[in-house]
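*Asks:* These protein sequences, in sequence, are chains R and L. Quick note: our numbering has the first sequence finishing at residue 112, numbered continuously throughout. Quick note: our numbering has the second sequence finishing at residue 1126, numbered continuously throughout. First the structure, which I've put down as structure tokens, then a few questions once you've had a look.
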Amino acid sequence: DQQVKQNSPSLSVQEGRISILNCDYTNSMFDYFLWYKKYPAEGPTFLISISSIKDKNEDGRFTVFLNKSAKHLSLHIVPSQPGDSAVYFCAAVGSGTYKYIFGTGTRLKVLA
Amino acid sequence: DTAVSQTPKYLVTQMGNDKSIKCEQNLGHDTMYWYKQDSKKFLKIMFSYNNKELIINETVPNRFSPKSPDKAHLNLHINSLELGDSAVYFCASSQEIYLGGGQRTSGSLSGANVLTFGAGSRLTVL
Chain R
1 DQQVKQNSPS LSVQEGRISI LNCDYTNSMF DYFLWYKKYP AEGPTFLISI
51 SSIKDKNEDG RFTVFLNKSA KHLSLHIVPS QPGDSAVYFC AAVGSGTYKY
101 IFGTGTRLKV LA
Chain L
1001 DTAVSQTPKY LVTQMGNDKS IKCEQNLGHD TMYWYKQDSK KFLKIMFSYN
1051 NKELIINETV PNRFSPKSPD KAHLNLHINS LELGDSAVYF CASSQEIYLG
1101 GGQRTSGSLS GANVLTFGAG SRLTVL
């Protein structure tokens, strides 16, 4: 039972354009969401997070949007840069579970 | 200075052997985790310790045994290795366990509940 889903395994975007990565979840107890970036042969690194009291959080070129009614979050990267090419994981955690549940990842390729 | 370090980075071994992977964090965090990333790239939680106490024990074979000698270390011992154990194992830590309360916090929290990962240990069982 995959509680956090990233339905697009890959995405290609031109440099300078916007990248939009999507994530859906099923567990309504989740109230804190995170995005991680992963390069080959490295561990995931934290990018940005959002709690359920917000619907948007920005950090530089990265913005995360949360739509609680749709149980959907998205990560916007603008402008996209070749160095953003990596696998992006969304993760969710909820009250009383302690467990961070990860999606299966989306491989982003930013074309120069 | 590596925040979460795992050893070994690569491990190739035969079926039936017993092996250990070690993890150390120098962040002063209270909580540590083991995740497994299989061939399908799922990142699945296996175990978590908070202040040396086991708080998450997912449905994994009992051939896997975590040990936390102190807050800064979480080791993973695997007995009688099988082909299906081949995977990348990631250690992670967070300052504290997440108790919920997204309602109380600001958009990005203070970082206390962000997981910091090690670089992973790739285990290959032949």
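Note that beta-carbon positions come from the ideal geometry of N, C-alpha and C, so glycine has one too.
(1) Would you tell me roughly how many angstroms separate the C-alpha atoms of Phe65 of chain R and Leu73 of chain R, rounded to the nearest one?
(2) Got a sec: is the Cβ-Cβ distance from Thr104 of chain R to anything in chain L below 8 Å?
(3) With DSSP collapsed to three states, give me the class of Pro82 of chain R.
(4) Use the C-beta contact count for Ala1092 of chain L: other C-beta atoms within 10 angstroms, 16 or more gives buried, fewer gives exposed.
(5) Identify the residues that DSSP records as bridge partners of Asp59 of chain R: which are they?
(6) List the endpoints of the continuous beta strand (DSSP E) containing Met1032 of chain L.
(7) Which residues of the segment 15 to 38 of chain R have a Cβ closer than 9 Å to any Cβ of chain L? Give them in chain order.
(8) For Pro40 of chain R, decide whether its Cβ has a neighbour in chain L, counting only Cβ atoms nearer than 8 Å.
(9) Between Ile1097 of chain L and Asn1050 of chain L, what straight-line distance do the alpha-carbon atoms span, to the nearest angstrom?
(10) Is there at least one Cβ from chain L nearer than 8 Å to Ser12 of chain R's Cβ?
(11) For the segment 1045 to 1061 of chain L, which residues have a CB atom closer than 9 Å to at least one CB atom of chain R, in sequence order?
(12) Would you mind giving the Cβ-Cβ distance between Phe1064 of chain L and Ile1078 of chain L, rounded to the nearest angstrom? I have them listed as a contact below 8 Å.
(13) Under three-state DSSP, which class holds Asp1018 of chain L?
(14) Alpha carbon to alpha carbon, what distance is there between Gly43 of chain R and Leu111 of chain R?
*Replies:* Let's see:
(1) Cα to Cα, Phe65 of chain R sits roughly 5 Å from Leu73 of chain R.
(2) Answer yes: the Cβ-Cβ gap between Thr104 of chain R and chain L drops below 8 Å somewhere.
(3) Note: Pro82 of chain R maps to helix in three-state DSSP.
(4) With 16 or more Cβ atoms within 10 Å of its Cβ, Ala1092 of chain L is classed as buried.
(5) In the DSSP output, where bridge partners are listed per residue, Asp59 of chain R has R:Phe62.
(6) Met1032 of chain L: member of the beta strand (DSSP E) spanning Thr1031 to Gln1037, first to last residue.
(7) For the segment 15 to 38 of chain R, the set of residues with a beta-carbon nearer than 9 Å to any beta-carbon of chain L comprises Met29, Phe30, Asp31, Tyr32, Phe33, Leu34, Tyr36 and Lys38, in chain order.
(8) For Pro40 of chain R, the answer is no, since every Cβ of chain L falls outside 8 Å of its Cβ.
(9) Put simply, the backbone Cα of Ile1097 of chain L is about 7 Å away from that of Asn1050 of chain L.
(10) Not a single C-beta of chain L is nearer than 8 Å to the C-beta of Ser12 of chain R.
(11) Flagged, chain order: Ile1045, Ser1048, Asn1050, Ile1055, Ile1056 and Glu1058.
(12) The pair is a contact, with the Cβ atoms about 5 Å apart (cut-off 8 Å).
(13) Secondary structure of Asp1018 of chain L (DSSP, three-state): coil.
(14) Straight-line measurement puts the Cα of Gly43 of chain R at about 23 Å from the Cα of Leu111 of chain R.
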